[in-house]
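All residue numbers for the sequence shown refer to our numbering, where the first residue is 517 and numbers rise by one. All residues carry an ideal CB built from backbone N, CA and C; glycine is no exception. This structure is a prediction, so every number in the text was calculated from the model and none was measured. Note sheet for the following structure.
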Amino acid sequence: MGKATQINGGFSVFVDQVRDFYGAWYGRLIIDVLVYLPASLIGLYVSVDKFREEIKKILPDFLVSALDTQLVFFFLGALGFIYIFREILPNIFSGSESPQKQVTVEGAISLIETFGRIVSAKLTRFSDTLSGYSKKGQVPSASEIFNSITKPEQQILFTINALQVFLESITKNVNIDVRLVEVKNKLPTVWYAHAPEERPPETDIEDLQHPDSALMNCVKSSKMIVVPDIKKEAANPGKRKYVLMEEESGGSAICLPVYHPASKTYPFVITIRADKPNLFSPKRKNFYRWLLSQFAQRIQLEYSLVLLKEAQSDDSQKR
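Now the structure itself:
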């Protein structure tokens, strides 16, 4: 069993490395050269006499004979070579299936219910505000209405709670911790929100400011970080060692920076930890990015309200 696990793990690492190679610009360049070279050489062999004469001096007699008598098969083989490397292998290693197709019906229903709970919390606040002013017979000002119905910090917390509940509902029998870290001056500064409430972060935020932390790598690169096995990654003696939250507990983790277009900043990072190692895999990054973006957009919206309320408060103080 251990040997089989080791083989499967090694193959998974190999697949991830090939996928990264396919995605890099130099990988695509090298592949293009290698893929089109055979067909190009055959074309030159057929059409350029000088080239054909020089090649015949280099190649063994049996290969020259094969080229002259089986040229069509060599050319078809070169076309097949192009098709395999340009069409088949990229689909295997790039995870080209759209993220939406990776969601099950049960998962889709759970996602709809999750967003329904977020909207319901806001609807309740709007209704309570309207009812309160109606009972008092008051006509509130626009500023009063804005302050009464907008509770962005609370709504962000609801969003993090909803994400945690959703992830546990689709992973089954796995404990999921979701945290939102506030970022200022490219440093994590505070645990802004966490879920579930009974499992608060145990790691000091200062510890995650270490250059080797997954969180700092996420902040510096502005890219998603996926750690399949926290303990294994923490023990990695290489340069890509990621210190993460609750290392001794192990598990699997994701860090996703939340971009805010209006301020052109990354004010938050969503961190997710599952207590099951290898629950999250780098090869499903596209799916995670799509799924988490549904929640990140709501955080972006509420953060805009945070900034608007701060601006309104500053303006009131100046008056």
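- The beta-carbon separation of Lys792 and Val690, rounded to 5 Å, stays under the 8 Å limit for a contact.
- Leaving aside the five residues that flank His710 on each side, the residues in its chain whose CB is nearer than 8 Å to its CB run, in chain order, Ile676, Asp693, Val694, Arg695, Leu696, Pro716, Pro717.
- Between Thr630 and Val681, the gap from beta carbon to beta carbon is short of 8 Å.
- In the assembly as shown, Phe784 is a buried residue. Its beta-carbon has 16 or more other beta-carbons within 10 Å.
- Across the set Gly767, Ile746, Pro712, Arg814, the C-alpha of Arg814 shows the shortest separation from the C-alpha of Val774.
- In the displayed model, Val690 falls within coil according to three-state DSSP, outside both helix and strand.
- Partner residues in a beta bridge of Thr585, as assigned by DSSP, do not exist.
- Between the alpha carbons of Leu560 and Lys799 lies a distance of about 40 Å.
- Residue environment: Thr705 is assigned as exposed (fewer than 16 neighbouring CB atoms within 10 Å of its CB, all protein chains considered).
- For Ile770, the beta-bridge partners assigned by DSSP are Val742, Ile788.
- The C-beta separation of Cys771 from Ile741 comes to about 4 Å, placing the pair in contact by the 8 Å criterion.
- Taking C-beta atoms under 8 Å as the contact rule, Pro744 and Phe796 qualify, at a distance of about 6 Å.
- Between Tyr819 and His776, the beta carbon gap of about 5 Å places them in contact (Cβ cut-off 8 Å).
- Under the three-state reduction of DSSP, Pro777 is assigned to coil, being neither helix nor strand.
- Relative to the Cα of Gln725, the nearest Cα in the group Val822, Glu713, Glu698 belongs to Glu698.
- Checking the DSSP bridge columns, you'll see Leu703 partnered with Lys700.
- Asn752: not part of any alpha helix (DSSP H); DSSP gives it neither H nor E.
- C-alpha of Gly766 to C-alpha of Ile665: approximately 41 Å in a straight line.
- About 6 Å separates the beta carbons of Ala769 and Ile788, which is inside the 8 Å limit, making them a contact pair.
- Taking all protein chains in view, the Cβ of Val735 is crowded by 16 or more other Cβ atoms within 10 Å, so the residue is classified as buried.
- The alpha-carbon of Lys652 is positioned some 59 Å away from that of Ala750.
- Nearest to Ser738 by alpha-carbon distance, out of Asp723, Lys702, Phe578, Asp720, is Lys702.
- In the three-state reduction of the DSSP assignment, Pro793 falls in the coil class, being assigned neither a helical nor a strand state.
- One Cα belongs to Phe567, the other to Val580, and the distance between them is close to 13 Å.
- Taken through DSSP and simplified to helix, strand or coil, Pro554 comes out as helix.
- Minimum Cα-Cα distance from Gly632 among the listed residues Leu550, Gln810, Asp728, Asp577 corresponds to Gln810.
- When secondary structure is reduced to three states using DSSP, Arg715 falls in the coil class, being assigned neither helix nor strand.
- Taken atom to atom, the span from the alpha-carbon of Ala790 to that of Glu660 is near 42 Å.
- For Leu731, the enclosing alpha helix (DSSP H) covers residues 730–737.
- Pro576 carries a coil assignment under DSSP once its states are collapsed to helix, strand and coil.
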